[in-house]
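One structure is given below, encoded as structure tokens.
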Amino acid sequence: MPLTGRYHYYRLTSFGQRVAHAEAQRLAQLVQIAQVKRLLGSVRTQGGV
């Protein structure tokens, strides 16, 4: 597919937002479990997004 120099913009649907939120919650729970089990070692976070 040749590049045309045009940009494509996509919008996240409300369903997509709900799915992304659910996945973020799932991943956050996994991180909490890993922290409790001391699987992550010393991890520092960079504040903010």
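For what it's worth, the working numbering labels the leading residue of the sequence shown as 13, then goes sequentially.
By construction, the Cβ of each residue, glycine as well, lies at the ideal position given by its N, Cα and C atoms.
>> Tell me the DSSP secondary structure of residue 33 in three-state form.
In response: The residue you call residue 33 lines up with position 21 of the sequence shown. Residue 33: helix per DSSP, three-state reduction.
> Anyone know if the C-beta pair for residue 42 and residue 32 falls short of 9 angstroms?
Replying inline: The sequence position of residue 42 within the sequence shown is 30, counting from 1. The sequence position of residue 32 within the sequence shown is 20, counting from 1. Not a contact, by the Cβ cut-off of 9 angstroms.
>> For residue 39 and residue 46, which I take to be in contact (beta-carbon distance under 8 angstroms), what is that distance rounded to the nearest angstrom?
In response: Locating residue 39 in the sequence shown gives position 27, counting from the first residue. Locating residue 46 in the sequence shown gives position 34, counting from the first residue. Contact doesn't hold; Cβ gap of about 10 angstroms is too wide.
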